[in-house]
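The numbering of the sequence shown is this note's numbering, which starts it at 1215 and goes up by one.
Following: one structure in structure tokens, then a few remarks.
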Amino acid sequence: QEHQSFCEYALIPCHTGCGHVVMRRKLADHLENGCVNNVTVCQQCQCSLASSEYQVRTFLSQIKALIPFSWYLIISSAFFFQQSHSTPSATTDGCRFSEVGCAFRGSQEKIKEHEKSALGAHMLLLLQHMRQLKGTWCSAAKAAQGFTPQSELNLENKLHVFENIVAVLNKEVESSNLEILAFRRQSELDQNTIRGLELKIAELHRCLTQKDAGLSSLHKSLLFSEQASYDGIFLWKITDVGRKLQDSVTGRTVGLYSPAFYTAKYGYKVCLRVYLNGDGTGKGTHMSLFFVVMKGDYDALLPWPFRHKVTFMLLDQNNREHIIDAFRPDLTSASFQRPVNDMNVASGCPMFLPLSKLQSPKHAYVKEDTLFLKCIVETN
């Protein structure tokens, strides 16, 4: 008896009350696949179902991925509709699979036995019904292929037009890209040409600057040649006296230098320097006039120090009363030694003429805003 309680081959009745007697080792298989009273919880809807109903639902879930969703809805709706109308009652006498071709009828107990024993037949009926639905669906699909709504035709026409437009635009874009590439190449060539021209212009500008400097030097040399004197007598014309005097008063211009002149063709090179508003002891009261010994080309051949008498004259333009002053060089002064720089220190008359007399209307020292200074160097 102790062995019977553990033996896998012992016959035991099903504890669900279905009336079946099975070996202990096959009880689990009976509960899962054969017991009509066994209750299984559906993993999808969490409902408690009989084993036969759970098998049908499992079958439906397996074929769901193999058939169109619309077929699945039809088959599952038919099954669950039959299930909802098959509650245990005395009036239910038809098989729940009558909708798919099962013709069995009987009492509730016989229907349970029938559903238990005819599970395979019911699956075949469902498969045949599915095949019929598949044929109907394929026919409908073929018919739908030959029918295109007007809106779809319009869309296809518009799409064709747009495709043509896009093709034309693509060609234009390609053409534009080629033109842009050509423009870029031409632009690079133009830039190289421009850089070359810029270099040429810079070179020409440099040459022009040099020529301008040369012309300026020639102009100064020509002006100097025109104004130069080679006999020791020099007449200096000063214009714009009023403005230059005012510049001297304000300090904008301190003194004015005359062009250079010579005591002889190959003699001493000298010039004058005038302070219209005075310098040194004559600043602000007198006009100051000085003599400047300059560095010349022939200094090496001349005797030093410079020892010639110098005479200054401010000409009265009415020829009435010229202002005359003269001096002899101080041989010890650095102003009359051989120049080391371009000019020696100026020497002369810091109180050459009172400013009041320069501007007096009684005299014509300044006429038409012009005055004349004369220098005479005795060369005897």
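Don't be surprised by glycine CBs; every beta carbon is placed ideally from N, CA and C.
- Between the beta-carbon of residue 1566 and that of residue 1503 there is about 4 angstroms, and that keeps the pair under the 8 angstroms contact cut.
- As summarised for the stretch 1395-1452, there are no continuous beta strand (DSSP E) elements at least 3 residues long confined to that stretch.
- Residue 1543 is not a Cβ neighbour of residue 1517, given a cutoff of 8 angstroms.
- Between the stretch 1529-1545 and the stretch 1466-1478 there are fewer than three C-beta pairs closer than 8 angstroms, too few to call the two in contact.
- CA-to-CA, the gap between residue 1314 and residue 1337 works out to about 10 angstroms.
- Look at residue 1376 here: in three-state DSSP terms it is helix.
- DSSP lists no beta-bridge partner residue for residue 1580.
- Three or more pairs of CB atoms, one per stretch, sit closer than 8 angstroms, so the stretch 1581-1589 contacts the stretch 1448-1456.
- Taking 8 angstroms as the cut-off, the Cβ atoms of residue 1509 and residue 1555 count as close.
- When DSSP states are grouped into helix, strand and coil, residue 1493 belongs to the coil group.
- Under DSSP, the beta-bridge partners assigned to residue 1562 are 1504.
- Unbroken beta strand (DSSP E) stretches of 3 residues or longer found wholly inside the stretch 1523-1559: 1524-1528, 1537-1541, given in chain order.
- By the neighbour-count definition (other C-beta atoms within 10 Å, threshold 16), residue 1560 is a buried residue.
- Taking C-alpha positions only, residue 1416 is separated from residue 1407 by approximately 14 angstroms.
- Residue 1227 is bridged by DSSP to 1235.
- Around the C-beta of residue 1553, 16 or more other C-beta atoms lie within 10 Å, and the residue is accordingly described as buried.
- An exposed status is given to residue 1376, since fewer than 16 other beta-carbon atoms sit within 10 Å of its beta-carbon.
- Within the DSSP bridge table, the entry for residue 1590 names 1447, 1525 as partners.
- Here residue 1431 is exposed, its C-beta having fewer than 16 other C-beta atoms within 10 Å.
- The continuous alpha helix (DSSP H) containing residue 1572 extends over residues 1569-1572.
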